[in-house]
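All residue numbers for the sequence shown refer to the UniProt record's numbering, where the first residue is 1 and numbers rise by one. A virtual CB, placed ideally from N, CA and C, is assigned to each residue, including glycine. To start, the structure itself, in structure tokens.
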Amino acid sequence: MSQNVQEDGQQTFKQAAQPTRRMPKATSMLVLALTVAGVTTAVMPEARAQSAEALRHLDSAVKNSGGDLALLNHYREYSCDAVEDTGMYPRSSAERRETRVPLTQIFDNVWYIGDMYVGQFILKTASGGFVLIDALNNSAEVDQYTMPALRSLGLSASNPLLAVMISHGHGDHDGGANRLREIFGSSLAIYLGSGDARNKAYNPLQIDSAIAEPQERTIGGTTVVFQSIPGHTPGMMNFVIPVRHNGVEHKLMMGGRQGHPGAVASARSYLRGTERSYELVKKYGVVGTFLTHPTSDGTTVHMQAIERAGSRDPNPFFIGHERTLRAAAMWRGCAAGWLSTRDASSVELVWRVTSLTFPELKPNLNTVSAQLASGWGPNDPDAAQTTPDAQWGPIAGQTVTFSIEGGGPGCTAITNAKGLATCTLPNKAKLLPNQRVAASFEGNTTDTFVNLSSKASAVVPARGR
Ligand SMILES: [Zn+2]
């Protein structure tokens with residue numbers, strides 16, 4: 001299905017440098033370390049001067065990783081580089097455009113074809129038909145890449161191409177749409193956000209860009225979700241795609257991390273779009289992302305991992321729901337930082353991912369407690385900061401609600417200065433071995449922060465451990 005030797009002698013997908021940086025890794029991590037410590041990134045040789053507003057948000061995008069290096073490398077750096085160092089990833093370099101990615105299966109029902117800068121996904125629906133996500137650069141690429149790929153996957157009268165979902169109206173995403181219309185005729189549904197639909201000869205089926213709520217459509221028995229996030233373009237969209245792995249369905253987001261727009265209004269709209277994306281991830285229990293600009297969210301790295309391993313199991317695209325939420329919050333921090341570079345007067349609340357952990361869970365206890373924290377947890381270097389807008393780590397004064405699985409009513413407590421919420425179980429109840437305990441924090445907004453909701457659960461250890 002995929003070959004590494006390219007007939008024209010170009011660098012192959014598997015060998016290609018990923019990503020191409022101008023800054024050595026060590027420097028990059030140093031910068032992150034400095035950002036964590038609250039030191040200005042102005043020590044960085046290629047850094048731009050950053051305003052306090054930009055730094056608050058850029059810093060949040062480090063903190064919200066919770067110290068997860070994969071999130072920092074695959075999501076923060078790709079999302080924040082436009083704010084910190086525009087030259088960090090020459091994403092659209094000739095090298096990337098010229099390195100073809102052969103048809104690569106990434107899930108039971110999803111394939112990628114394109115180059116290392118941009119490409120398209122092919123989704124096989126429940127009915128056996130196909131849906132394309134984006135349409136490559138131009139007609140020639142549809143003939144050269146899309147059509148042979150579809151045929152090799154079984155395109156036929158009974159397994160037809162049912163629809164094309166276009167993320168936005170830029171030519172590297174819809175350049176092949178006219179050719180698809182020509183080949184498949186007027187019955188092919190080509191979905192595009194209404195904000196980008198003007199003067200499109202391929203007569204798109206419009207998804208209303210003014211509707212903020214996710215919109216579901218069932219195509220060939222498979223339900224996909226469109227979400228308008230105007231900003232990169234007026235018609236920009238995220239998709240939620242049900243992917244299958246070893247026969248089990250998981251929801252992934254196709255979207256995010258397109259280039260930051262220059263105009264202030266668009267940059268503000270883009271920021272709101274990242275906030276919507278977070279809500280989308282939360283609503284649909286999304287466990288990972290993929291993108292038709294594969295270098296911008298780690299898609300290339302994951303495809304290369306699959307290629308090298310010769311296996312999709314374990315599948316590197318699945319990073320888990322909690323980490324996908326963190327990634328979305330990090331992207332939002334980068335977008336808020338970006339807005340401040342376009343509009344020096346912009347003041348946006350800083351988003352904080354929160355987490356709950358159970359420090360003490362023993363059988364027979366009649367109390368239950370959990371610690372609520374932001375950033376890198378209780379040991380966050382900024383836990384001791386005294387100014388409210390600089391303090392991270394444990395969060396005081398917040399309500400945590402506990403519930404006991406099958407164990408009657410739970411209880412509620414307010415976190416203390418260490419972020420600890422502790423309450424006594426009602427009705428003289430005691431924790432039982434192997435019982436599952438859950439804690440939840442609904443989230444709130446302060447003068448400085450949007451504290452995002454969180455929940456956690458843990459099992460009471462068995463007796464004698
Ligand atoms: Zn674009």
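Worksheet item: Going straight from the alpha carbon of I306 to that of F107, what length do you get?
Response: Taking the first residue of the sequence shown as 1, we reach residue 306 at position 306. Taking the first residue of the sequence shown as 1, we reach residue 107 at position 107. Each residue's alpha carbon lies about 10 Å from the other.
Worksheet item: Name the DSSP bridge partner or partners of P242?
Response: The residue you call residue 242 lines up with position 242 of the sequence shown. Looking at the DSSP assignment, P242 forms a beta bridge with K251.
Practice prompt. Specify, as a first and last residue, the run of the alpha helix (DSSP H) that S93 falls within.
Written response: Looking up residue 93 in the sequence shown gives position 93. S93 -> no alpha helix (DSSP H), and no H or E assigned at all.
Discussion item. Suppose the cutoff is 7 Å on Cβ atoms and the five residues either side in sequence are ignored; what does the same chain contact list for G285 look like?
Written reply: Position 285 of the sequence shown, counting from 1, holds the residue named residue 285. Excluding residues within five positions, the ones whose Cβ falls inside 7 Å are K251, H321.
Discussion item. Let's see if you can read the secondary structure: which residues bound the alpha helix (DSSP H) around N178?
Written reply: Along the sequence shown, read from residue 1 onward, the residue named residue 178 stands at position 178. Taken as a continuous stretch (DSSP letters only), the alpha helix (DSSP H) holding N178 covers 177 to 184.
Fill in: Option nearest Y78 by Cα separation, candidates D343, L431, P363, P294
In the sequence shown, residue 78 corresponds to position 78, counting from 1. Checked all of D343, L431, P363, P294; the closest Cα to Y78 is P294.
Worksheet entry | Cutoff 7 Å; reference G235; Cβ partners in own chain excluding five residues on either side | Working through the sequence shown from its first residue, we reach residue 235 at position 235. Answer for G235: H168, G169, L192, G193, S194, G195, D196, A197, S209, listed in chain order.
Worksheet entry | Per-residue burial, Q227 [other beta carbons within 10 Å of its own, 16 or more giving buried] | Position 227 of the sequence shown, counted from the start, is the residue given in the question as residue 227. Q227 is buried by the Cβ-count criterion.
Worksheet item: Given G221, which residues of its chain have a CB within under 8 Å of its CB, disregarding the five upstream and five downstream residues?
Response: As a first step, residue 221 must be located in the sequence shown, where it is residue number 221. The answer, listed in chain order, is T125, A126, S127.
Practice prompt. Helix, strand or coil for K282, going by three-state DSSP, please let me know.
Written response: Residue mapping note: residue 282 aligns to position 282 of the sequence shown, counting from 1. Note: K282 maps to helix in three-state DSSP.
Discussion item. With three or more beta-carbon pairs closer than 8 Å as the criterion, would you say the segment 319 to 337 touches the segment 390 to 403?
Written reply: no
Worksheet entry | Nonlocal neighbours in the same chain, by C-beta distance under 6 Å from L30, ignoring five residues either side | Counting from one through the sequence shown, the residue named residue 30 turns up at place 30. With a pLDDT of only 37 at L30, under 50, the local geometry of the prediction cannot be trusted, and no value is derived from it.
Worksheet item: Just curious, the alpha helix (DSSP H) that K455 is in, first and last residue?
Response: As a position in the sequence shown, residue 455 is number 455, starting the count at 1. Run containing K455: none in the alpha helix (DSSP H); it sits in the beta strand (DSSP E), 454 to 459.
Discussion item. Tell me the DSSP secondary structure of W105 in three-state form.
Written reply: Your numbering for residue 105 matches position 105 in the sequence shown. Trp is not the amino acid found at residue 105; the sequence shown has Gln there. Strand at Q105.
Discussion item. Following a CB-centred definition, is Q258 positioned closer than 7 Å to any heavy atom of ligand 1?
Written reply: What you label residue 258 is simply residue 258 of the sequence shown in a count that begins at 1. Yes, since a heavy atom of ligand 1 falls inside the 7 Å radius drawn around the Cβ of Q258.
Worksheet item: Can the beta-carbon of S355 be found less than 8 Å from the beta-carbon of G67?
Response: What you label residue 355 is simply residue 355 of the sequence shown in a count that begins at 1. What you label residue 67 is simply residue 67 of the sequence shown in a count that begins at 1. No; because the gap between Cβ atoms is not below 8 Å, this pair is not in contact.
Item to complete: Spatial neighbours of S440 within its chain, please: CB distance less than 6 Å, with the 5 preceding and 5 following residues excluded, ordered by chain position.
Response: As a working mapping, residue 440 is identified with position 440 in the sequence shown. Correct list, in chain order: T401, K455.
Worksheet item: Got a sec, what are the start and stop residues for the beta strand (DSSP E) E216 sits in?
Response: In the sequence shown, counting from the first residue as 1, residue 216 sits at position 216. It spans 215 to 219 - the beta strand (DSSP E) in which E216 sits, taken as one unbroken run.
Worksheet item: Just to check, is the beta-carbon of T233 closer than 7 Å to a non-hydrogen atom of ligand 1?
Response: Along the sequence shown, read from residue 1 onward, the residue named residue 233 stands at position 233. The answer is yes for T233.
Worksheet entry | Own chain, CB closer than 7 Å to R276, minus 5 neighbours either side, in chain order | Your numbering for residue 276 matches position 276 in the sequence shown. For R276, where only same-chain residues beyond five positions count, the Cβ hits under 7 Å are A212, Q227, I229.
Discussion item. Quick check on the DSSP output: the alpha helix (DSSP H) that includes I172 runs from which residue to which?
Written reply: Within the sequence shown, the letter at position 172 stands for residue 172. Per the sequence presented here, residue 172 reads as Asp, with Ile not at that position. 171 to 174 is the span of the alpha helix (DSSP H), which, as asked, contains D172.
Item to complete: Specify whether the segment 249 to 264 and the segment 73 to 87 touch according to this definition: at least 3 beta carbon pairs, one from each stretch, less than 8 Å apart.
Response: yes
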